[in-house]
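Residue numbers (my numbering): 4 to 319. Take a look at the structure below.
Structure, rendered in structure tokens:
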């Protein structure tokens, strides 16, 4: 064998060994790369799953922490087939809430309806709100229940305003009650109303304005709209002596010229003003019955009431 042939044989043997080593290294790198990719993919999927579980748990925690109180709910039907809902919303929870819809169920005619709502309330915040929901055939005399739905899927029942005990008494004499403790009169200077005097004696020699606090307790829960025909009428028992004080509007302590209307919202205490009038001489040094004559509208119907349960002494 010649020297060149010997070198070729030796080299061919070595090249086969190097090829095997290179093939093994390459295969190892491929397996390592695949294993690494699989491992990284598994880590990413686990991270996504952990994040999704964390987000879902946080949503559940936030949903459980929602605590919205809907109180002092009043219903009225001011427009045909449209229920107006007045409610006080209080966020007593630790997270902000978003209300997305309001449902109303007319139990009298067994009809549901809802309206979209876009209203947010921060933790600890309270607010009086008015919403409307269309319900065909709705009437203020119908029994109504309602509830809100939040963006997190919670339902919030609306609690109706607690009925006042005097409401039953008021139904015997009318739908409006009077707060005797705040019965007052004023001695105005020009158009300025001045400060109130909370007593049942009025001066006989000067013009006065009566301030009377009234509350609408009508069972229909509808607002009452009083007109300029309303007045306070004083009459001395056993005589023909009488006088009356017309209803007036007072804005920021100033008596206004003319009178258009006065709304008595259901369940809301409202101060009405009557006068200014200087009592007639025949009333002086006399005790007089105070009759509060109220006239207006409740919904589309006329409304009239006389509240006769007060008396004043007219000084000289």
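C-beta atoms are modelled at their ideal positions from N, C-alpha and C, and glycine is treated no differently. Given the structure is predicted, the values throughout are model-derived calculations rather than measurements.
In this structure residue 224 is buried. Its beta-carbon is surrounded by 16 or more other beta-carbon atoms within 10 angstroms. Sequence-distant Cβ neighbours of residue 32 in its own chain, meaning closer than 6 Å and more than five residues away, do not exist here. The three-state secondary structure of residue 228, taken from DSSP, is strand.
Excluding residues up to 5 positions away in sequence, 150 lie with their Cβ nearer than 6 Å to the Cβ of residue 160 in the same chain. Residue nearest to residue 74 within the set 55, 47, 95 is 95 (criterion: CA-CA distance). Per the C-alpha coordinates, the member of 302, 253, 229, 286 positioned closest to residue 295 is 229. Using a C-beta cut-off of 8 Å, the region 256 to 272 makes no contact with the region 283 to 293, since fewer than three inter-stretch Cβ pairs fall below that distance. For residue 246, the three-state secondary structure derived from DSSP is strand. A direct Cα-Cα distance of roughly 12 Å separates residue 282 from residue 315. Here residue 277 is buried, its C-beta having at least 16 other C-beta atoms within 10 Å.
The C-alpha of residue 137 lies about 14 Å from the C-alpha of residue 113.
Contact check between the region 180 to 193 and the region 87 to 102: fewer than three CB pairs, one atom from each, fall below 8 Å, which does not count as touching. Under the three-state reduction of DSSP output, residue 26 falls in the helix class. With distances taken between CA atoms, residue 255 lies nearest to 274 out of 267, 274, 247. About 7 Å separates the Cβ atoms of residue 221 and residue 269, confirming a contact at the 8 Å cut-off. The shortest C-alpha to C-alpha distance from residue 124 to any of 239, 238, 71, 139 is the one to 71. When the beta-carbon positions are compared, residue 66 and residue 156 come within less than 8 Å of each other. Pairing residue 203 with residue 235 gives a Cβ-Cβ distance that is not under 8 Å. Residue 133 is positioned such that its CB atom lies no closer than 8 Å to that of residue 308. If you draw a straight line from the Cα of residue 34 to the Cα of residue 56, it is about 32 Å long. Close CB contacts of residue 116 within its chain, under the 7 Å cut and outside five residues either way in sequence, are with 107, 136, 137, 138 (chain order). Taking 8 Å as the cut-off, the beta carbon of residue 122 is found closer than this to the beta carbon of residue 102. Residue pairing by DSSP leaves residue 182 without any beta bridge partner. If you check the CB distance, residue 244 and residue 286 come in under 8 Å. The alpha-carbon separation between residue 109 and residue 247 amounts to approximately 44 Å. For residue 221, there is no enclosing beta strand (DSSP E), as DSSP marks it with neither H nor E. For a cut-off of 8 Å, the C-beta gap from residue 142 to residue 80 is around 6 Å, short enough to register as a contact. Distance from the CA of residue 219 to the CA of residue 53, rounded to the nearest whole angstrom, comes to 58 Å. Between residue 233 and residue 299 the beta-carbon gap is near 7 Å, inside 8 Å, which marks them as a contact. If you keep only unbroken beta strand (DSSP E) runs of at least 3 residues inside the region 42 to 127, you get 71 to 82, 85 to 94, 100 to 109, 114 to 124. Setting aside the 5 residues that flank it on each side, residue 131 is surrounded in the same chain by 91, each with a C-beta closer than 6 Å to its C-beta; the list follows chain order. Judged by beta-carbon spacing, residue 306 lies within the 8 Å limit of residue 227, meaning their Cβ atoms are closer than that value.
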